[in-house]
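Line by line, the protein sequences are chains A and B. Note that our numbering numbers the first sequence so that position 29 is 29, with each residue one more than the last. Note that our numbering numbers the second sequence so that position 219 is 219, with each residue one more than the last.
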Amino acid sequence: MANYSTNEFKGGLKVMLDGDPCSIVENELVKPGKGQAFSRVKLRNLITGRVWERTFKSGESLEGADVMDLEMEYLYSDGDMWHFMKTDGSFEQYAVEKKALGDTAKWLKEQVAYTVTLWNDNAISVTPPNFIELEVVETDPGLKGDTAQGGSKPATLSSGAVVRVPLFINQGEVLKIDTRSGEYVSRA
Amino acid sequence: MTTDWRPTASLETLRERARLLGEVRAFFAERDVLEVETPVLGHGGSTDVHLASLSLTATTPAGQERLWLQTSPEFHMKRLLAAGSGPIFQLARSFRDGEVGSRHNIEFTMLEWYRPGFSLDGMIGETTALIRAVLGPELGNETGPLRRRRYRELFREALGFDPFTVELDALRRIAGERGGLDMEDAPRDDCLDLLMSLVIEPGLGREGLDVVVDYPATQAALARHHRDPEDGAWVASRFEVYLAGLELANGYDELTDVEEQRARFAEDNAARKRLGLTEVDIDRRLLAALEHGMPSGSGVALGMDRLIQLALDRASVAEVMAFATPSC
């Protein structure tokens, strides 16, 4: 991979830091008076998801990371691995470990497209679509007439996630959920 | 994908910008400071190791010549002073390669002015008045009384050591820890610069205008030096004005000694060579002007785009420029 110097750092650039692939979130030039210039860089570690803040001398460089985001459809799990297939018509499949799947495990639904991040052709993370439609498999019976306001209750969805829903929602209904906040949006 | 051709500043902001530039001109007109325009190109450039000059090749009567884009209008303005111009100011396009960010743009507007006969204190007073005039009565008054902070004191308060006497090894260790990077081979001033940027600067100018004085003698290329009454250490006759964590202006009691100036140019170029940086042609005409004699006095360089940014409460300099470098 190519090396990138601090003046090429920009949001979204994928680089290697301490052996892990990272995505640059922000790069700010700091330079006092006529003094030495430094870059204050925020990077998201793509393996752990943690954001690091580091300082680099101007002109220092980092090795690029071979990272790609690909759209893939969820197929099935065999218990150990979760299997996804590229949506580009190649039918190429990738097996994802539990660790890489992370919190996305609770938003899985067959035939839905997810963004799978590959590093050196291995899946390191899976991002769900912002909104997903899932069926309620368990919740307290709905309260008739209560469609306006007030109160919420937990509901378990077909993917295993538990979200707060309005009291009028019944078992078997399909709901639109915002996966970023884990909040109920509407009936689908 | 469509090419983004639109300005980085709104048209409303550009109208406000024009009004603020008018305030600057009115401020100096009232004080009988002459507005001048000098070339952005010169046969000599800034040798400062921390400034990256842009250069180009031009066809002139002398043939193909390398000319430098100014990093500030200082050299040409000093030649005017030596020619007897009296007090002068300029809103000058200046260029610093590689400097792009929320506070930087490769091409930017420097407000620079010179006051023959002014002491550094007199210049601090005028700089503060100018900043308040541009910020307007509301913001200008909010900035409260001016606080004067000595460079040494700032380090003692924020970091618990004296930047002039601290051992280099200890300084490198502290800078490395604070910045999260390797400073093992870094020169003294680079360590101090890092700590200034990361630890001290963000807190400056939060309760009003802060003026930092008495910089290390090594951190002011074109300023005179004087002794710190505390222990006789050499300090630079230089000040910096900060507001809201932003460095706004840099003032010097200007160096007028031609031999000293020649020596500092040579030292800079020697350092450039050592660091593998391009050596910059020195400005022989500036040296000749100093040889002729330049009246002593003070000068200030102020980042006009940053001041406009603060006056209009915008998040970056790009938002107060018609077309910031990435969009030019």
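The beta-carbon is built from N, C-alpha and C at its ideal position, and this holds for glycine as well.
- Below 8 Å, enough C-beta pairs join the stretch 306-319 of chain B and the stretch 6-23 of chain B to call them touching: three or more.
- Within a 10 Å sphere around the beta-carbon of lysine 78/B sit 16 or more other beta-carbons, which makes this residue buried.
- Arginine 79/B carries a helical assignment under DSSP once its states are collapsed to helix, strand and coil.
- The stretch 55-63 of chain B makes no contact with the stretch 17-36 of chain B, as fewer than three CB pairs between them are under 8 Å.
- The DSSP assignment places 55-60 as complete runs of the beta strand (DSSP E) inside the stretch 6-67 of chain B, in order along the chain (cut-off: 3 residues).
- In the DSSP assignment, methionine 110/B falls within the beta strand (DSSP E) that extends over 107-116.
- Judged by beta-carbon spacing, glutamate 23/B lies within the 8 Å limit of alanine 133/B, meaning their Cβ atoms are closer than that value.
- In the three-state DSSP reduction, proline 216/B falls in the strand class (E or B).
- Residue range 151-159 is occupied by the alpha helix (DSSP H) that includes arginine 156/B.
- In this structure the stretch 31-42 of chain A lies against the stretch 184-197 of chain B, because at least three pairs of beta carbons, one per stretch, are closer than 8 Å.
- The beta-carbon of leucine 54/B is placed no less than 8 Å from the nearest beta-carbon of chain A.
- Between the stretch 72-90 of chain B and the stretch 40-57 of chain B, the count of C-beta pairs closer than 8 Å reaches three or more; the two stretches touch.
- Chain-ordered, the chain A residues with CB closer than 9 Å to the CB of leucine 181/B read Phe38, Arg54, Thr55, Phe56, Lys57 and Glu60.
- Among the residues of chain A, those whose CB is under 8 Å from the CB of valine 100/B are Asn7 and Leu29, following chain order.
- Think of a sphere of 9 Å around the beta carbon of glycine 35/A: the chain B residues whose beta carbon falls inside it are His50, Asp189, Asp190, Leu192, Asp193, Leu194, Met196, Ser197 and Gln219, in chain order.
- In the DSSP assignment, aspartate 169/B falls within the alpha helix (DSSP H) that extends over 168-179.
- Per DSSP, reduced to three states, the secondary structure at aspartate 210/B is strand.
- Judged by DSSP in its simplified three-state form, isoleucine 308/B adopts helix.
- Between glutamate 73/A and phenylalanine 91/A, the CB-CB gap reaches or exceeds 8 Å.
- Within the stretch 123-135 of chain A, no residue has a Cβ lying closer than 7 Å to any Cβ of chain B.
- For glutamate 184/B, no CB of chain A lies under 8 Å from its own CB, so it is not counted at the interface with that chain.
- For glutamate 260/B, the uninterrupted alpha helix (DSSP H) segment begins and ends at 258-274.
- No Cβ-Cβ contact shorter than 8 Å links alanine 158/B with alanine 175/B.
- In the DSSP assignment, no residue is bridged to proline 229/B.
- Taking a beta-carbon distance threshold of 8 Å, proline 154/A does not count as an interface residue toward chain B.
- Secondary-structure assignment with DSSP links threonine 127/A through a beta bridge to Thr115/A.
- Chain A has no Cβ within less than 8 Å of the Cβ of histidine 226/B.
- Shown here, valine 320/B sits in a helix according to DSSP, grouped into three states.
- For valine 174/A, same chain residues with a beta-carbon under 6 Å away, outside a window of 5 residues either side, are Glu133, Glu135 and Ala188 in chain order.
- Looking at the backbone, the Cα of glutamate 183/A and that of leucine 108/A are separated by about 16 Å.
- Among the CB atoms of chain A, none fall inside 8 Å of the CB of glutamate 37/B.
- Within chain A, no C-beta atom comes nearer than 7 Å to that of glutamate 153/B; the closest sits roughly 17 Å away.
- In the displayed model, methionine 85/A falls within a strand according to three-state DSSP.
- In the structure shown, the three-state DSSP call for serine 327/B is helix.
- Against chain A, a Cβ distance below 9 Å from glutamate 260/B picks out nothing, because the smallest value is about 17 Å.
- Contact note: proline 141/A does not reach chain B at a C-beta cutoff of 8 Å; the least C-beta distance is about 51 Å.
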